[in-house]
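Colleague: Let me give you the structure first, and then I'll get to my questions.
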Amino acid sequence: MAKTTYVELESGTVLETETPNIWPEGKRLSAREGRARLETEAREYLLSIIKPGDTIYTILRHRSASGIFRRISLMVQTERGPQIIDGYAAHLGIGRRTDKEGLGVPGCGMDMGFHLVYALSSKLFPVFNCVGERCPSNDHNNGDRDHKPHKHSDGGYALKHSWI
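Under my numbering, residues 8 to 171 are what the sequence shown spells out, in order.
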């Protein structure tokens with residue numbers, strides 16, 4: 008398996024590649040800087056298309072025979088239509104990249120799709136404010152029945168989850 012290299016193009020785009028020689032005009036980045044830049048770009052892009060209260064859909068691509076490993080895709084509905092966001096989520100450390108569709112998720116005994124959405128939500132919205140009527144969580148910390156704006160300290164519940 009070839010070594011992963013990070014290349015910054017003149018446009019500022021950062022690529023993760025195993026064949027850096029096809030990008031001779033690009034500037035080579037250290038692995039640490041390349042991963043950090045890709046994580047920042049992924050977070051910024053996802054925040055531009057996902058807001059608290061949005062639903063993230065999960066698609067089971069594969070389940071191992073033993074049942075302890077799954078490949079699951081994450082999808083969000085955007086203005087342009089449905090978009091798979093596996094690559095962006097992987098750059099944030101959500102699941103692990105595989106050579107096939109979906110994010111690799113080990114484990115069993117719980118809803119692994121929910122786990123991925125919770126992890127994504129926690130990364131994107133560590134703390135978020137909402138209004139009770141539109142609150143994505145049923146947990147209203149201030150006991151509000153009057154739907155006053157309030158703050159959630161657990162951003163894992165900022166997004167909704169649904170299986171396709």
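In this text, a Cβ means the ideal position worked out from N, Cα and C, and glycines have one as well.
These numbers come from a predicted model, not from an experiment.
(1) Taking 8 Å as the cut-off, decide whether the C-beta atoms of Glu23 and Gly41 are in contact.
(2) When the distance is taken between beta carbons, is Cys115 closer than 8 Å to Ile75?
(3) Leaving out five residues before and five after Pro27 in sequence, what residues of the same chain have Cβ atoms less than 8 Å from its Cβ?
(4) Kindly list the residues whose CB is nearer than 6 Å to the CB of Pro133, restricted to its own chain and excluding five residues on each side of it in sequence; keep chain order.
(5) For Gly150, which three-state DSSP category applies?
(6) Check the C-beta distance from Leu123 over to Gly102 and give it rounded, since I have them as a contact under 8 Å.
(7) Looking at the structure shown, is Leu16 part of a helix, part of a strand, or coil, going by DSSP?
(8) Please confirm whether Ala96 and Ser128 have their CB atoms less than 8 Å apart.
(9) Just reading off the alpha helix (DSSP H) that Leu127 is part of, what are its end residues?
(10) With DSSP as the reference, please indicate the residues paired to Val83 in a beta bridge.
(11) Measuring straight from C-alpha to C-alpha, what distance separates Leu99 and His69?
Modeller: Let me spell this out:
(1) yes
(2) yes
(3) Thr12, Val14, Gly33 and Arg35
(4) Gly162
(5) Low local confidence applies: a pLDDT of 49 at Gly150 is under 50, so the model's placement there is unreliable, with the coordinate-based value given in what follows. The answer is coil: DSSP assigns Gly150 none of H, G, I, E or B.
(6) 6 Å
(7) coil
(8) no
(9) Met119 to Leu131
(10) Ile63 and Gln90
(11) 22 Å
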